[in-house]
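Worksheet: the structure to be examined is printed underneath.
Numbering (our numbering), first residue to last: 1 to 263.
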């Protein structure tokens, strides 16, 4: 179960953005869906401990990671959260093996234990990266870079995996294949996933629950398993054309995600 209640403000001289979101879910795969600039990435960063909210809480499987009222704010490395950044954030000067191992080391402990080295090798094998272990990220395809970033996120044995637009940097022709691979990774590792996206097809292919964002708030909750929804505010989002072979439920979900819910 991930339980999030966050309020924060970011601003500069010309702009102020207020985020106020609250949701709780125990589904295997949840999506934060909505247009760019709606507050999805801020939510993920706050959950991971990369941003400090002004108030609220973050709880993961009964463990409190942040609670403003109780003065709890667990440091990011201790939160046991795997984070896949939108453009993967791989270190160009490190090999694939070293990138995967990076989260297991620190400035005062840079050598891996035998157990950690075995874990890195197991991840290389699991993601079919063994032959590329000594390669640099710049020589890899987009899909290979994504696998390296996923392996690195899983190396610390996280309790939850956060994905920031995992397919945005990829060729559209690769996305269907890599969605299937990501779904397989989630099943194999048995770890809950929270993904942000502005692509309806990402939601339809992967998510069990969608929390629809608009202007710093969640405006609708949609259960992708049965089409049930709870509308919190009226909000319109753009959508592409629907494939002709979609099922009635899938077409309904697409309309709901686009903000035109059929009742």
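Virtual Cβ for every residue (Gly too), placed ideally from N, Cα, C. Predicted, not measured: the structure shown is a model, and the values here were computed from it.
Status (buried if at least 16 other CB within 10 Å, exposed otherwise) for residue i
i           : result
residue 211 : buried
residue 216 : buried
residue 164 : buried
residue 53  : buried
residue 242 : The predicted model places residue 242 with a pLDDT of 46, which falls under 50 and marks its position as unreliable, so this point remains unresolved.
residue 15  : exposed
residue 101 : buried
residue 119 : buried
Extent of the continuous alpha helix (DSSP H) run through residue i
i           : result
residue 68  : Taken as a continuous stretch (DSSP letters only), residue 68 belongs to no alpha helix (DSSP H), as it is neither H nor E.
residue 264 : Beyond the ends of the chain as shown, which are 1 and 263, falls residue 264; an answer cannot be given.
residue 251 : 248 to 257
residue 47  : 40 to 48
residue 100 : 96 to 101
residue 125 : 114 to 126
Span of the beta strand (DSSP E) around residue i
i           : result
residue 1   : Residue 1 -> no beta strand (DSSP E), and no H or E assigned at all.
residue 231 : 229 to 231
residue 18  : 16 to 25
residue 142 : No beta strand (DSSP E) contains residue 142, which is instead part of the alpha helix (DSSP H) from 142 to 155.
residue 197 : 193 to 197
residue 176 : No beta strand (DSSP E) holds residue 176; the alpha helix (DSSP H) holding it covers 172 to 189.
residue 57  : 55 to 60
residue 220 : 217 to 223
residue 163 : 160 to 164
residue 85  : Element bounds for residue 85: n/a, residue is neither H nor E.
residue 211 : 209 to 214
residue 29  : 29 to 33
Other residues of its chain near residue i: CB distance less than 7 angstroms, five sequence neighbours each side excluded
i           : result
residue 132 : 96, 140, 144
residue 56  : 5, 6, 7, 68
residue 60  : 2, 159, 160
residue 153 : 82, 83, 84, 161
residue 261 : With a pLDDT of 33 at residue 261, under the threshold of 50, the modelled position of that residue is not reliable, and the figure given next carries that caveat. Only 229, 231, 255 meet the Cβ criterion.
residue 142 : 169, 170, 171, 174
residue 18  : 9, 216
residue 136 : 92, 95
residue 225 : 208
Proximity to residue i [Cα-Cα], best of the options
i           : options            : result
residue 171 : 99, 58, 87         : 87
residue 203 : 167, 217, 174, 216 : 167
residue 179 : 157, 154, 159, 150 : 150
residue 207 : 215, 198, 22       : 198
residue 80  : 226, 50, 13        : 50
residue 229 : 256, 250, 251      : 256
residue 130 : 148, 189, 192      : 148
residue 174 : 154, 155, 146      : 146
residue 10  : 156, 43, 252, 22   : 43
residue 138 : 19, 99, 18, 64     : 99
residue 117 : 155, 196, 53       : 155
residue 27  : 249, 214, 191      : 191
residue 214 : 63, 41, 111, 176   : 41
residue 176 : 205, 196, 189      : 205
residue 115 : 128, 89, 157       : 157
Close Cβ partners of residue i (< 8 angstroms) along its chain, the five nearest in sequence each way excluded
i           : result
residue 246 : 254
residue 20  : 6, 7, 216, 217
residue 108 : With a pLDDT of 48 at residue 108, under the threshold of 50, the predicted position of this residue should be treated as unreliable, and no value is reported.
residue 112 : 101, 104, 105, 120
6 angstroms Cβ shell around residue i - same chain, five flanking residues per side excluded
i           : result
residue 194 : 30, 162
residue 24  : 3
residue 22  : 5
residue 249 : 227
residue 58  : 4, 47, 65, 66
residue 134 : 95
Validate contact between the segment 183 to 193 and the segment 219 to 233 using beta carbons, cut 8 angstroms, 3 pairs: no
The segment 76 to 94 / the segment 30 to 37 touching (three or more Cβ pairs under 8 angstroms): no
Touch test, the segment 117 to 136 against the segment 69 to 83, Cβ-Cβ under 8 angstroms, three pairs minimum: no
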